[in-house]
Structure formats: structure tokens, C-alpha cells
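**Q** Submitted below is the structure of interest, expressed as C-alpha cells.
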Amino acid sequence: SQQGEEDPQALSIQEGENATMNCSYKTSINNLQWYRQNSGRGLVHLILIRSNEREKHSGRLRVTLDTSKKSSSLLITASRAADTASYFCATDVGSTLTFGKGTMLLVSP
Amino acid sequence: EAGVVQSPRYKIIEKKQPVAFWCNPISGHNTLYWYRQNLGQGPELLIRYENEEAVDDSQLPKDRFSAERLKGVDSTLKIQPAELGDSAVYLCASSFRQASEAFFGQGTRLTVV
Chain A
1425 SQQGEEDPQA LSIQEGENAT MNCSYKTSIN NLQWYRQNSG RGLVHLILIR
1475 SNEREKHSGR LRVTLDTSKK SSSLLITASR AADTASYFCA TDVGSTLTFG
1525 KGTMLLVSP
Chain B
334 EAGVVQSPRY KIIEKKQPVA FWCNPISGHN TLYWYRQNLG QGPELLIRYE
384 NEEAVDDSQL PKDRFSAERL KGVDSTLKIQ PAELGDSAVY LCASSFRQAS
434 EAFFGQGTRL TVV
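In C-alpha cells:
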């Protein structure tokens, strides 16, 4: 079963624009993580935000967490063609990581 | 530092045949996951190990799937017999401790014909 659900399913933008992806989940979590997957490759961890945190930054990434709404967002600023990938949120419930279906991001030059 | 190593990368088998996947996690990582990922979907957990103990195998189809993690290091995932619907990418991941960043291998792409 999949606890998290990303929105939108697909996103197409131009280089230099910002990309925002959202994740909603159903049950209380310990933390929420975002991962990137390039076509045909394994997943790469991007950022982890704990349940008692509201916002976190890492380079061009900004993640927010609203536990009252059971939602998170991932913002990629000044996107590049190399950011083209699928992005997944993963919720930590009882120490098991459960992934959503992902958002496919296409960044055109 | 070597990452999570999986083998084989690709496997094509006929239905009803057995198949096994191998995973070598990052040294020192106590938590090991096996996930299955279908095309266009997110990874779905099959089993989670803490050291050599399977602590979450609720999503593992136990009639045909089995897994083991000997000595709390390497792990194997087996399917016997394979069905057409088992075609997917099987991903192994490890983390230093529970609830922390997970490192993924490149996966094994299984095709059952």
C-alpha cells in the first residue's frame, strides 16, 4: 500500500523556472523524505524533514511540512535540465519507509 | 565508500521458473529494505530487516516470495515460481538506522516471459 500521494503526476517547465511538487499522506509520521529517480536508475535521497520541523533547505531545494494538513511540498528553484527526473515522497511510519507514486518532472532547455 | 550493490542488473526468465536476487548493503547499515517498483509507480515495500530480523514482511507474498539476511549483512530475495505479474524492478536499500536516509542500489530488472 502507498501512504503518500504526490501532486501533480507530471510537471513540465522551462529551465530557470521553479518547480513545486506536493505530497499528501494519511497517518502520523516520524519524518518525511524526498527522493529523486532518474530514468532507469536507483533512487537518490534529497532531503529529510522531521515531524517537528516546518521547513528545511538544501541548496536549491526547499521542503515544507504541515503535519496538521498531513502534507509536504518540495520546491526546486532555478531548475536545470539535469533536474529532469521522477520525485517521490516517502513517509516514515513505524520506521518503515513508504513511497508515493511520484511526480515526473521535465525541465526543457 | 561503495554503495548498495545488487546483482544481477537484468534477468529474463520463463514463468514458473525460480529466480533470486542478491543485495550487499553499505557496511555498517543495520536496516535493509527490499522494494518492488512497477513501471510508472513508486517503490512498494516487500520486506524490512533490522540486522538479521525481518521486522516488516506484511507486504511480502509469502506463497512464492522468500527472503533472508544471513548474519545481518547480505540479503537474498527469491521468487519461486515466478509469474508474469512479477515483472518489475526489484530495489534493495539500506540505512544506518531506522528512520534515517536510505541508500538504494541500481535495482534488478526482472522480466518474466
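Protein chains in written order, with the numbering used here: chain A, 1425 to 1533; chain B, 334 to 446.
Using N, Cα and C, we set each Cβ at its ideal position, and we do this for glycine too.
All values derive from a computational prediction rather than experimental measurement.
Considering only residues of the region 351-439 of chain B, which uninterrupted alpha helix (DSSP H) runs meet the minimum length of 4 residues and lie entirely inside it, listed in chain order?
**A** List check, alpha helix (DSSP H) in window: nothing returned.
**Q** Per the DSSP calculation, V445/B is bridged to which residue(s)?
**A** Sequence index remark: in the second sequence, residue 445/B carries index 112 (1-based). I346/B, per the DSSP bridge assignment.
**Q** So that I know if they touch, is there some Cβ in chain A lying closer than 8 Å to that of Y382/B?
**A** Taking the second sequence and counting its residues from 1, one reaches residue 382/B at position 49. Not an interface residue.
**Q** With a cut-off of 8 Å on the beta carbons, I'd call L424/B and G438/B a contact; round off their distance for me.
**A** Residue mapping note: residue 424/B aligns to position 91 of the second sequence, counting from 1. Residue mapping note: residue 438/B aligns to position 105 of the second sequence, counting from 1. Confirmed, Cβ separation roughly 7 Å.
**Q** Between G438/B and chain A, is there a C-beta pair that is closer than 8 Å?
**A** Mapped onto the second sequence, residue 438/B falls at position 105. Chain A, which has a Cβ nearer than 8 Å to the Cβ of G438/B, makes this yes.
**Q** Please state whether the Cβ-Cβ distance between V337/B and A432/B is less than 8 Å.
**A** Here residue 337/B refers to the residue found at position 4 when the second sequence is read from its first residue. Here residue 432/B refers to the residue found at position 99 when the second sequence is read from its first residue. No. Outside cutoff.
**Q** Please decide whether A435/B counts as near chain A, where near means a Cβ-Cβ distance under 8 Å.
**A** Residue mapping note: residue 435/B aligns to position 102 of the second sequence, counting from 1. Closer than 8 Å: yes.
**Q** Give, in chain order, every residue of the region 1499-1523 of chain A whose Cβ lies closer than 7 Å to some Cβ of chain D.
**A** Of the chains in the structure shown, none is chain D; the protein chains are A and B.
**Q** If we define contact as Cβ-Cβ less than 8 Å, is P376/B a contact residue for chain A?
**A** Residue 376/B sits at position 43 when you count from the first residue of the second sequence. Yes, P376/B counts as interfacial toward chain A.
**Q** Going by DSSP, what residue range makes up the beta strand (DSSP E) through N1454/A?
**A** As a position in the first sequence, residue 1454/A is number 30, starting the count at 1. N1454/A -> no beta strand (DSSP E), and no H or E assigned at all.
**Q** What residues of chain B sit near L1472/A, judged by a beta carbon separation below 7 Å?
**A** Walking along the first sequence from the start, residue 1472/A turns up at place 48. Here the neighbours are E434.
**Q** Three-state secondary structure (DSSP) at A1505/A?
**A** Within the first sequence, residue 1505/A is the residue found at index 81, counting from 1. Three-state DSSP puts A1505/A in a helix.
**Q** Check whether the Cβ of L424/B lies closer than 8 Å to any Cβ atom in chain A.
**A** Translated into the one-based positions of the second sequence, residue 424/B becomes position 91. Yes, L424/B counts as interfacial toward chain A.
**Q** Among I412/B, P341/B, P394/B and D389/B, which residue has its Cα nearest to the Cα of N357/B?
**A** Position 24 of the second sequence, counted from the first residue, corresponds to residue 357/B. Residue P341/B is the option with its Cα nearest to N357/B.
**Q** Quick one: measure Cβ to Cβ for L1489/A and D1507/A, integer angstroms, because I've assumed they're closer than 8 Å.
**A** To locate residue 1489/A, count along the first sequence from 1; it is residue 65. To locate residue 1507/A, count along the first sequence from 1; it is residue 83. Between D1507/A and L1489/A the Cβ distance is about 21 Å, and since that is not below 8 Å, they are no contact.
**Q** Does D389/B get closer than 8 Å to chain A when you measure Cβ to Cβ?
**A** In the second sequence, the residue the question calls residue 389/B occupies position 56. Yes, contact with chain A.
**Q** How close, in whole Å, do the beta carbons of K1525/A and Q392/B come, if the pair is a contact with beta carbons under 8 Å?
**A** Looking up residue 1525/A in the first sequence gives position 101. Looking up residue 392/B in the second sequence gives position 59. Going by Cβ atoms, the distance from K1525/A to Q392/B rounds to 16 Å, so no, they are not a contact pair.
**Q** Residues in its own chain within less than 6 Å of Y343/B by CB, not counting five upstream and five downstream?
**A** What you label residue 343/B is simply residue 10 of the second sequence in a count that begins at 1. Excluding residues within five positions, the ones whose Cβ falls inside 6 Å are R442.
**Q** Here's a check: name, in chain order, each residue in its chain whose Cβ is nearer than 6 Å to the Cβ of S1425/A, leaving out the five neighbours to either side.
**A** For the purposes of this step, residue 1425/A is taken as the residue at position 1 of the first sequence. At S1425/A the pLDDT is 49, less than 50, meaning the model places this residue with poor confidence and gives no usable figure here.
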